[in-house]
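**Student:** Here it is, the structure, as C-alpha cells.
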Amino acid sequence: MPPWRVFLWSFPVLALLLMLAQALPSHAQGTAAAPSATRTGADQGPADYSLRFDAARDPAGDLRRALAAAAASDKRVLVMVGGDWCVWCFLLDRHLRSDAEAARTLYGEFELLRVYYGDDNTNEAFLAAFPEFELFPHFFVVETDGHVLASVDADVLIADAKYDTGLIRKFAAAWHRH
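Residues 948 to 1125 in my numbering are what the sequence shown spells out, letter by letter.
Now the structure itself:
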C-alpha cells in the first residue's frame, strides 16, 4: 500500500487537522490558484467550473461548456471529482498555488472541470456515465467528443506522500493531444 494511503487511513484525525490548518485559509478565498493566461481573447482566466468544488453546480452543463472550450483550444477535459472535505484535493490546490509550473501544466494541457462529490450531493446521475472509482480526488480524461479515455487515481501524481510536479508533467504529456 502506498505510504500516502497508510497515512490517510491510519491517522484520520491528523489528516483533518492538516486540512484545517493548511487548506482552509486558502479555501476561504474561494478559489484555487490557476495561471491567468489559460484562455485567449477577452476571457483571460479559467472558467468557474475549474476553480473550486461546488455542490450547487450543474456538472452536466459544466461538462458541455468544458468540452466546447477544450475543442476550441485543442485540449482534452480533465474531470476532477472531489470536494471541500477531501484532504488530497486541498493538497493538490495548495501544490498548484505554490508551484506555478504545476499549475501551468495542468491548466495549460487540460480544460479542468471540478465535480463535487460529498454527503450533500454525490452527483450520482452525472457520475453514472463514468467508470466506478473509490479514491478522491479522482480524474477522468475526456476527449472533446465526450468519450472517457482514462480513469485515474490521484496517486499517479503523488510521490513521497505529496504531489509531484514531475509526475504532473508526465501525466499531462501522456494525455497531450497530438
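Idealized CB from N, CA, C, for every residue including glycine.
Nothing here was measured: the structure is a model prediction, and the numbers come from that model.
May I have the straight-line CA-CA distance separating residue 1108 from residue 1060, to the nearest angstrom?
**Tutor:** One alpha carbon belongs to residue 1108, the other to residue 1060, and they sit about 24 Å apart.
**Student:** Between the Cα of residue 1056 and the Cα atoms of 999, 1026 and 1064, which residue gives the shortest distance?
**Tutor:** 1026
**Student:** Look up residue 1063 in the DSSP assignment and say whether it is helix, strand or coil.
**Tutor:** strand
**Student:** Identify the continuous beta strand (DSSP E) that holds residue 1100 and give its terminal residues.
**Tutor:** 1095-1100
**Student:** If residue 1083 sits next to residue 1095, beta carbons under 8 Å apart, how far is it from one beta carbon to the other, in whole angstroms?
**Tutor:** That belief does not hold up - the Cβ atoms of residue 1083 and residue 1095 are roughly 17 Å apart, past 8 Å.
**Student:** In terms of residue numbering, what span does the beta strand (DSSP E) encompassing residue 1004 cover?
**Tutor:** It is not in any beta strand (DSSP E) - residue 1004 carries neither H nor E in the DSSP assignment.
**Student:** For a minimum of 3 consecutive residues, which ranges assigned as the beta strand (DSSP E) are wholly contained in the stretch 1019-1098?
**Tutor:** 1023-1029, 1057-1063 and 1085-1089
**Student:** Compute the Euclidean distance between the alpha carbons of residue 1119 and residue 1021, then round it to the nearest angstrom.
**Tutor:** 14 Å
**Student:** Does DSSP put residue 1106 in a helix, a strand or coil?
**Tutor:** strand
**Student:** At the level of alpha carbons, what is the spacing between residue 1068 and residue 1013?
**Tutor:** 21 Å
**Student:** Report yes if the C-beta distance between residue 1074 and residue 1028 is below 8 Å; otherwise report no.
**Tutor:** Contact flag set, yes.
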